[in-house]
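Student: Have a look at the structure that comes next, please.
Residue numbers (my numbering): 45 to 206.
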């Protein structure tokens, strides 16, 4: 088994993640989520910091019953960042998220030239959010985010596991 990434080593984080996925497994059956590398017109990436899990992540979330992946992506970008797509999203890869559950998959998109309608204010879910230069990411950017960016740039081949 692979060692858990730093952001998943806390027992509290693992417990909250398991509880959330237990609920989603009951409410949704198989779990599937979307996540996106969202770049603005300056080439900066948009990241969020959640209240319930450590580290900086790309925006995303789970699909609800009867919701398309595209609808979920648009919803999550709006909710987590007040972001709007200006170009169609590009499906980059599908990952198996085995550290979260035995049936969770993530559809990972590249979104070029997103537009933020208004800055994202902190709330109970998202405590910080913003655009960052690729060479100046926040200190606590997750290992998965770094891997996805390396894959997007062509420095690593896409992995099968998130």
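No residue lacks a Cβ here, since even glycine has one placed at the ideal position from N, Cα and C. Given the structure is predicted, the values throughout are model-derived calculations rather than measurements.
Please report the residue range of the alpha helix (DSSP H) in which residue 169 lies.
Tutor: No alpha helix (DSSP H) contains residue 169, which DSSP labels as neither H nor E.
Student: Is residue 171 closer than 7 Å to residue 95 when the C-beta atoms are compared?
Tutor: Contact flag set, yes.
Student: Could you tell me which residues DSSP puts in a beta bridge with residue 77?
Tutor: Note: residue 77 sits in a beta bridge opposite 106 and 150.
Student: Three-state secondary structure (DSSP) at residue 67?
Tutor: Note: residue 67 maps to helix in three-state DSSP.
Student: Can you give the Cα-Cα distance for residue 108 and residue 116, rounded to whole angstroms?
Tutor: Going by the C-alpha atoms only, they are around 8 Å apart.
Student: Determine which residues share a DSSP beta bridge with residue 128 and list them.
Tutor: DSSP output for residue 128 lists 159 as bridge partner(s).
Student: What is the DSSP secondary structure of residue 206, reduced to helix, strand or coil?
Tutor: The answer is coil: DSSP assigns residue 206 none of H, G, I, E or B.
Student: Throw me the rounded Cβ distance for the residue 151 and residue 76 pair, which I believe falls under 8 Å.
Tutor: The pair is a contact, with the Cβ atoms about 7 Å apart (cut-off 8 Å).
Student: Do you know how far the Cα of residue 154 is from the Cα of residue 131?
Tutor: Their backbone Cα atoms lie some 10 Å apart in a straight line.
Student: I need the boundaries of the beta strand (DSSP E) containing residue 195, first residue and last residue.
Tutor: First-last for residue 195: 187 to 197, but that is the alpha helix (DSSP H), not the beta strand (DSSP E).
Student: To the nearest angstrom, report how far apart residue 63 and residue 91 are at their CA atoms.
Tutor: Cα to Cα, the separation comes out at about 24 Å.
Student: Is the beta carbon of residue 105 sitting closer than 7 Å to the one on residue 120?
Tutor: In contact: residue 105 and residue 120 (Cβ atoms closer than 7 Å).
Student: For residue 117, does the three-state DSSP call read helix, strand or coil?
Tutor: Reduced to three states, the DSSP call for residue 117 is helix.
Student: At which residues does the beta strand (DSSP E) containing residue 6 begin and terminate?
Tutor: No statement about residue 6 is possible, as the shown extent of the chain runs from 45 to 206 and does not include it.
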